[in-house]
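With this note's numbering, the residue at position 21 of the sequence shown is 21, and numbering never jumps. We treat Cβ as the ideally placed atom computed from N, Cα and C, and that holds for glycine. Fair warning: this is a prediction, and the values are worked out from it, not measured in the lab.
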Amino acid sequence: MDGESLMTPEIERALLLAARATRLSAPNPRVGCVIVSAAGDILGEGHTQAAGGAHAEVMALRDAQARGHTVRGATAYVTLEPCAHHGRTGPCCDALVAAGIARVVASISDPNPLVAGQGFGRLRAAGVRVEVGAGAAQARALNIGFFSRMLRQTPWVRMKLAASLDGVTALPDGQSQWITASEARTDGHAWRARACAILTGIGTVLRDQPRLDVRLVETPRQPHLVVVDSALQTPPDASIFVAGRRVFIYAAARNDDKAQALEAAGATVLYLPGTGSDSRPTGKVDLAAMLRDLARREINELHVEAGHQLNGSLVREGLVDELLVYLAPKLLGQGAGMARFGPVATLAEALPLVFQSTEMVGADLRILAQVQGRSDF
Numbered sequence: 001m002d003g004e005s006l007m008t009p010e011i012e013r014a015l016l017l018a019a020r021a022t023r024l025s026a027p028n029p030r031v032g033c034v035i036v037s038a039a040g041d042i043l044g045e046g047h048t049q050a051a052g053g054a055h056a057e058v059m060a061l062r063d064a065q066a067r068g069h070t071v072r073g074a075t076a077y078v079t080l081e082p083c084a085h086h087g088r089t090g091p092c093c094d095a096l097v098a099a100g101i102a103r104v105v106a107s108i109s110d111p112n113p114l115v116a117g118q119g120f121g122r123l124r125a126a127g128v129r130v131e132v133g134a135g136a137a138q139a140r141a142l143n144i145g146f147f148s149r150m151l152r153q154t155p156w157v158r159m160k161l162a163a164s165l166d167g168v169t170a171l172p173d174g175q176s177q178w179i180t181a182s183e184a185r186t187d188g189h190a191w192r193a194r195a196c197a198i199l200t201g202i203g204t205v206l207r208d209q210p211r212l213d214v215r216l217v218e219t220p221r222q223p224h225l226v227v228v229d230s231a232l233q234t235p236p237d238a239s240i241f242v243a244g245r246r247v248f249i250y251a252a253a254r255n256d257d258k259a260q261a262l263e264a265a266g267a268t269v270l271y272l273p274g275t276g277s278d279s280r281p282t283g284k285v286d287l288a289a290m291l292r293d294l295a296r297r298e299i300n301e302l303h304v305e306a307g308h309q310l311n312g313s314l315v316r317e318g319l320v321d322e323l324l325v326y327l328a329p330k331l332l333g334q335g336a337g338m339a340r341f342g343p344v345a346t347l348a349e350a351l352p353l354v355f356q357s358t359e360m361v362g363a364d365l366r367i368l369a370q371v372q373g374r375s376d377f
């Protein structure tokens, strides 16, 4: 039955459980598991915990035990292939076998090279019936950052923008607080909370003195912060140094004294100088190399909140996967745009997008748009 794509009520429930791990499980994938008896009764269920904690399958087994149920001969519905390696925890496929699970219905294979079919293989070798495919698209979309990191070796880059209806993100003097209403700002914090890290530029740090943390929604963890700061201008007393998260500052020019002061404030300073087509230093950070480095640091989803200069650089270099845009019902005329790049010579050179969703958030319109073909990996 491999490749079966029909949704089942049990997988729908497992996907709902997986969504509960959205702000919790990073850098691990968001996974849900439901264990069901031969009679169709739910014996136990669970979702992935914080890194180092139990995975969804183990949580479901514990839940069944707490309810006084035996799971021998039962079916486990899980949204991702049970892991087969020793990482922060032990292999989930072994836990399912030891518990006597007779059948596993999984949405999709794990893209992690340490798993990648080995979990299914070990289950089958132990006599467990395995079926794959139900809810695959939903499970993959929920974990697009994890799949991106595993298959492309780069995070999924989501650029957040708040603008007037005519695309202005800041007035000519830099004022931008607040173009959108409070509901949109709260929603924006929810999107921050699901990311592994937030990316901004030195211009935003110096101009706005932002904290760029999650305050308006509840979250069990703060995403890391990443600053593109070519000349190491970040003040050691900047508001970005919020306790409980890591701060990565990427620079192009080495300055040991400034780096030492920033590291004393809690930052990790990294040098990734870019070069032009003539192999000469550009004085700018190599953004593509930065993304690869962040992937090595287990960043799945990277949430960008920056000015039009850095936004434009990311777009120009083809590094943006998705746009999260809040449009306010007002016109501001002159001012900063969303992203400075180009000019393009023809309309055919425009960056093609596909609308994923449009929704009113308070008085503002939220648009989620994906770069065309970006998720084809």
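- Item | Length of the line joining the Cα atoms of residue 179 and residue 189 | To locate residue 179, count along the sequence shown from 1; it is residue 179. To locate residue 189, count along the sequence shown from 1; it is residue 189. Taking the straight line from one Cα to the other gives about 15 Å.
- Cβ distance (whole Å) where residue 377 is taken to contact residue 165 below 8 Å: Position 377 of the sequence shown, counted from the first residue, corresponds to residue 377. Position 165 of the sequence shown, counted from the first residue, corresponds to residue 165. 34 Å between Cβ atoms; not a contact.
- Message: Buried or exposed, going by whether 16 or more other CB atoms sit within 10 Å of the CB of residue 29?
- Response: Numbered from its first residue, the sequence shown carries residue 29 at position 29. So residue 29 counts as buried.
- Query: Mind pulling the alpha helix (DSSP H) runs of 4 or more residues that sit fully within the segment 72-103?
  - Reply: List check, alpha helix (DSSP H) in window: 92-99.
- Message: I need the DSSP call for residue 1, collapsed to helix, strand or coil.
- Response: In the sequence shown, counting from the first residue as 1, residue 1 sits at position 1. Since pLDDT at residue 1 reaches only 43, below the 50 mark, its modelled position is unreliable, and the value read off the structure follows with that caveat. In the structure shown, residue 1 sits in coil (DSSP, three-state: anything other than H, G, I, E or B).
- Is residue 232 helix, strand or coil by DSSP? The count along the sequence shown starts at 1 and reaches residue 232 at position 232. Taken through DSSP and simplified to helix, strand or coil, residue 232 comes out as coil.
- Message: In chain order, what are the residue ranges of uninterrupted beta strand (DSSP E) at least 3 long that sit wholly in the segment 274-359?
- Response: Segments of the beta strand (DSSP E) lying fully in the segment 274-359: 281-285, 301-304, 322-328.
- Grab the span of the beta strand (DSSP E) containing residue 364 for me, first residue to last. On the sequence shown, residue 364 is found 364 positions in, with the first residue counted as 1. Taken as a continuous stretch (DSSP letters only), the beta strand (DSSP E) holding residue 364 covers 364-371.
- Query: Is the CB-CB distance between residue 317 and residue 287 below 8 Å?
  - Reply: Here residue 317 corresponds to residue number 317 of the sequence shown, with the count starting at 1. Here residue 287 corresponds to residue number 287 of the sequence shown, with the count starting at 1. A contact, by the Cβ cut-off of 8 Å.
- Task: Can you have a look at residue 4 and say buried or exposed, based on whether 16 or more other CB atoms are within 10 angstroms of its CB?
- Result: Here the question's residue 4 lines up with position 4 in the sequence shown. Confidence in residue 4 is poor, its pLDDT being 46 and thus under 50, which makes the residue's placement unreliable; the coordinate value appears in the next sentence. Exposed: under 16 other Cβ atoms inside 10 Å.
- Task: Taking 8 Å as the threshold, find out whether the segment 167-181 comes into contact with the segment 34-53 through three or more Cβ pairs.
- Result: Per the Cβ contact rule, the segment 167-181 is not in contact with the segment 34-53 (fewer than 3 Cβ pairs under 8 Å).
- Task: Kindly indicate which residue of 131, 201, 206 has the alpha-carbon position closest to the one of residue 238.
- Result: Numbered from 1 along the sequence shown, position 238 holds the residue referred to as residue 238. Looking at the Cα atoms, 206 is the closest of the given residues.
- Contacts around residue 340, its chain only, beta-carbon distance under 8 Å, and the 5 residues preceding and following it disregarded: Counting from one through the sequence shown, the residue named residue 340 turns up at place 340. Around residue 340, the same chain offers 308, 309, 311, 312 as residues with beta carbons nearer than 8 Å, after the five sequence neighbours per side are excluded.
- Item | 7 Å CB neighbourhood of residue 284 in its chain, flanking five on each side removed | Taking the first residue of the sequence shown as position 1, residue 284 is located at position 284. Closer than 7 Å at the Cβ level, and outside the excluded window around residue 284, lie 230, 252, 274.
- Let me know if residue 107 comes out buried or exposed under the rule of 16 or more other beta-carbons within 10 Å of its beta-carbon. Within the sequence shown, residue 107 is the residue found at index 107, counting from 1. Per the 10 Å Cβ criterion, buried.
- Task: Would you decide whether residue 155 is buried or exposed? Buried here means 16 or more other CB atoms lie within 10 Å of its CB.
- Result: On the sequence shown, residue 155 is found 155 positions in, with the first residue counted as 1. That one is buried.
- When 69, 249, 90, 319 are compared against residue 159, the one with the closest alpha-carbon: On the sequence shown, position 159 is the one that residue 159 refers to. Looking at the Cα atoms, 319 is the closest of the given residues.
- Using three-state DSSP, classify residue 130 as helix, strand or coil. Residue numbering aside, residue 130 sits at position 130 when the sequence shown is read from its first letter. Note: residue 130 maps to strand in three-state DSSP.
- Message: Using C-beta distances below 6 Å, list every residue in its chain close to residue 1, excluding the 5 sequence neighbours before and after it, in chain order.
- Response: Position 1 of the sequence shown, counted from the first residue, corresponds to residue 1. Any reading at residue 1 needs caution, since the residue's pLDDT is 43, under 50, leaving its predicted position unreliable; the model's value is listed next. Excluding positions up to five away in sequence, the list reads 131.
- Query: With distances taken between CB atoms, is the gap from residue 198 to residue 228 smaller than 8 Å?
  - Reply: Counting from one through the sequence shown, the residue named residue 198 turns up at place 198. Counting from one through the sequence shown, the residue named residue 228 turns up at place 228. No, Cβ-Cβ distance for residue 198 and residue 228 is not below 8 Å.
- Item | Three-state class that DSSP yields for residue 377 in the structure shown | Position 377 of the sequence shown, counted from the first residue, corresponds to residue 377. If DSSP states are grouped into helix, strand and coil, residue 377 belongs with coil.
- Task: Starting from residue 47, follow the alpha helix (DSSP H) in both directions and report where the run begins and ends.
- Result: Numbered from 1 along the sequence shown, position 47 holds the residue referred to as residue 47. For residue 47, there is no enclosing alpha helix (DSSP H); the residue is found in the beta strand (DSSP E) stretching over 42-47.
- Message: Rounded to whole angstroms, what is the Cα-Cα separation between residue 315 and residue 296?
- Response: The count along the sequence shown starts at 1 and reaches residue 315 at position 315. The count along the sequence shown starts at 1 and reaches residue 296 at position 296. Residue 315 and residue 296 have their C-alpha atoms spaced approximately 22 Å apart.
- Query: Helix, strand or coil for residue 15 per DSSP?
  - Reply: For this step, residue 15 is matched to residue 15 along the sequence shown. The three-state reading of DSSP puts residue 15 in helix, counting H, G and I together.
- Item | Cα-Cα separation between residue 270 and residue 39, rounded to whole angstroms | Within the sequence shown, residue 270 is the residue found at index 270, counting from 1. Within the sequence shown, residue 39 is the residue found at index 39, counting from 1. Straight-line Cα distance between these residues: approximately 57 Å.
- Item | Beta-carbon contacts of residue 266 that lie in its chain and below 7 Å, excluding the five residues immediately before and after | Reading the sequence shown from its first residue, position 266 is the one you call residue 266. Non-local C-beta neighbours of residue 266 in its own chain, meaning closer than 7 Å and more than five positions away in sequence, comprise 241, 247, ordered along the chain.
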